[in-house]
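These notes are about the structure you will find just below.
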Amino acid sequence: MTFVAPASSVGGHIAVPGDKSISHRAVLVAAICEGETRVTGFGRSADTEATVHAVRALGVDVEEEDVDVLVVGGVGLKGLREPEGHIDCGNSGTLMRLLAGILAGQEGRRFELTGDESLRSRPMERAAEPLRRMGARVETTGGRAPIRIEGGKLAAIRYELPVASAQVKSCLLLAALYARGRTQVIEPMPTRDHTERLLAAAGATVRRRGSNVTVGPAERLELGAVDVPGDPSSSAPFVVATTLLAGSELTVHGVGLNPTRTGFFDLLAHMGARLNVVGRRRLGREPVGDLDVRAAELVAASVAPAQVPGLVDELPLFALAAGCARGESVVRGAGELRAKETDRIETVTNALRALGIRIVASDDGFGVRGVPTRPKGGGLSSHGDHRIAMLGGTAGVVSREGVRVEGADAVAASFPGFFEVLDEVARRP
Ligand code: S3P
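Residue numbers (numbering that gives the first Met the number 0): 0 to 428.
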């Protein structure tokens, strides 16, 4: 149990770990490149370490030059070997789904992917079904992990994603590298496009036309170097705390500002937050900048279904911000929250209600009746979900009485040093 005491304000200059989505992708794509790829700014966490272990089990050499610098010895597109036992994806849905796409192309080799209890409860048919259509043999366990994959001769498909999911899209774009013909994936709504950017940087043929992404077969990929920007999702708790606590001002340096990831910052600005991006620049193919944040009073906002993919991981924090904003906020079309590390419609509404926020769950979202004041505080459990643990910590500093976070160590999945950074920026009398 970790107790997070209230702060009078927050302030200072921080940097957050490298983007988790890009860190996974950098290691996975580097593994099937020719030669060495140097990954700098790697966001080390339990999830991304699972990716390093996975590629090592597949015969890829990964040297750890520093906590955030890796050198990955690529084995080429078809050079992955059959591991001794199963591959443990831990808590990471991104790893399981993206890796499945690569393994589907390893002709004649067999693999088994599993994970922790949470990951074994999450839907995997959404990736398995289109991979089968491409020609791989994929078996799930009642639609979930463990999943068994036998790589095959793949053929391109045209696939309309039934749910907006960057993980499933990426799975298919990675399998497309091995398929005869051009694979087309059509998204119902735009989702994060880091895989497309990285594959293009590695020399693959990637085209986007509207909601349609096409990837052609590749003969060889080469990256050389990938520099990972700071994770906007890990910056979000600090942006919320700064906004909600009068007298706060904070700069988060080197944050990834890919437009498919900034939905939450845009929404907060719309609610009245004082967010300024300075020093816009590019890191490889990704836009980055420094986020200057000052305290501000918020008004309620509604999140429509089309906005959800752009801020899906920040919806727990939106609920907290909405709880302290003037007026009623509503989120709709976010049923995918129920398929995350926990059912986040349930875990978020239960957690925040226990802290004195007026929030009610719906089938596909929640409604919040905001009061522009500090929430009371109390206790909550992360239920092993990193985003709920970070929500608890953020709520702690902005609350009147502090928050006890049960299962605080879940933050290790994406941001192991979260509570230390929170403590650093919190000003207490
Ligand atoms: C991710 C995509 C999202 C997101 C997850 C990371 C990715 O999941 O929630 O934290 O790196 O592709 P879905 O694609 O399942 O929506």
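A virtual CB, placed ideally from N, CA and C, is assigned to each residue, including glycine.
Residues near G72 by beta carbon distance below 7 Å, same chain, minus five either side: As a working note, residue 72 is residue 73 in the sequence shown. Contacts found: E35, V59, D60.
Pair within 8 Å by beta-carbon distance, G142 and Q105: The residue you call residue 142 lines up with position 143 of the sequence shown. The residue you call residue 105 lines up with position 106 of the sequence shown. Contact: no.
Stretch-stretch touch, CB-based, cutoff 8 Å, three pairs: the stretch 152-166 with the stretch 181-189: yes
The ligand S3P heavy atom lying under 7 Å from the CB of Q166: Looking up residue 166 in the sequence shown gives position 167. A heavy atom of the ligand S3P is found nearer than 7 Å to the CB of Q166.
Heavy atom of the ligand NAP within 7 Å of D312 beta-carbon: With respect to small molecules bound, the structure shown includes the ligand S3P and not the ligand NAP.
Proximity test, S20 beta-carbon vs the ligand S3P heavy atom, cut-off 7 Å: The residue labelled residue 20 in the question sits at position 21 within the sequence shown. For the ligand S3P, at least one heavy atom lies less than 7 Å from the Cβ of S20.
Where F263 falls, given that 16 or more other Cβ within 10 Å makes a residue buried: The residue given as residue 263 occupies position 264 in the sequence shown. Buried, by the Cβ-count rule.
Check: R143 C-beta below 7 Å from any heavy atom of the ligand S3P: Here residue 143 is taken as the residue at index 144 of the sequence shown, counted from 1. Checking the Cβ of R143 against the ligand S3P gives no.
Where the alpha helix (DSSP H) through E419 begins and ends: The sequence position of residue 419 within the sequence shown is 420, counting from 1. Looking at the DSSP string, the run of the alpha helix (DSSP H) that includes E419 is 417-424.
Cβ-heavy atom distance, T93 to the ligand S3P, below 7 Å: For the purposes of this step, residue 93 is taken as residue 94 along the sequence shown, with counting starting at 1. The answer is yes for T93.
The stretch 36-47 contacting the stretch 11-25, beta-carbon criterion three pairs below 8 Å: yes
Check whether F317 and V302 have beta carbons under 8 Å apart: On the sequence shown, position 318 is the one that residue 317 refers to. On the sequence shown, position 303 is the one that residue 302 refers to. Yes, the pair counts as a contact, with Cβ atoms nearer than the cut-off.
Rounded separation between D384 and R179 - CA only: For the purposes of this step, residue 384 is taken as the residue at position 385 of the sequence shown. For the purposes of this step, residue 179 is taken as the residue at position 180 of the sequence shown. Their backbone Cα atoms lie some 39 Å apart in a straight line.
Presumed contact (8 Å Cβ cut-off) between T93 and V68, rounded CB distance: Looking up residue 93 in the sequence shown gives position 94. Looking up residue 68 in the sequence shown gives position 69. 21 Å between Cβ atoms; not a contact.
Extent of the continuous beta strand (DSSP E) to which H85 belongs: Along the sequence shown, read from residue 1 onward, the residue named residue 85 stands at position 86. That residue, H85, is in no beta strand (DSSP E); it is neither H nor E in DSSP.
Under 8 Å between C-beta atoms of V404 and L379: The sequence position of residue 404 within the sequence shown is 405, counting from 1. The sequence position of residue 379 within the sequence shown is 380, counting from 1. Taking 8 Å as the Cβ cut-off, V404 and L379 qualify as a contacting pair.
Closer than 7 Å: R191 CB and nearest the ligand S3P heavy atom: On the sequence shown, residue 191 is found 192 positions in, with the first residue counted as 1. Indeed, a heavy atom of the ligand S3P lies less than 7 Å from the Cβ.
Own chain residues within Cβ distance below 7 Å of D291, not counting five before or after: Walking along the sequence shown from the start, residue 291 turns up at place 292. Taken in chain order, the residues that qualify are T250, N275, V277.
Element boundaries [alpha helix (DSSP H), containing I344]: For the purposes of this step, residue 344 is taken as the residue at position 345 of the sequence shown. From DSSP, the alpha helix (DSSP H) with I344 extends over 343-353.
Cut-off 6 Å between Cβ atoms - residues of its own chain near G364, not counting five sequence neighbours on either side: For the purposes of this step, residue 364 is identified with residue 365 of the sequence shown, where counting begins at 1. The residues are V330, R331, A333.
CB of G322 within 8 Å of CB of L351, strictly: In the sequence shown, the residue the question calls residue 322 occupies position 323. In the sequence shown, the residue the question calls residue 351 occupies position 352. Cβ distance < 8 Å, so G322 and L351 count as in contact.
The ligand S3P heavy atom lying under 7 Å from the CB of S169: One-based indexing of the sequence shown puts residue 169 at position 170. Yes, Cβ of S169 sits closer than 7 Å to a heavy atom of the ligand S3P.
Extent of the continuous beta strand (DSSP E) to which A224 belongs: For the purposes of this step, residue 224 is taken as the residue at position 225 of the sequence shown. Where A224 is concerned, the enclosing beta strand (DSSP E) stretches over 224-226.
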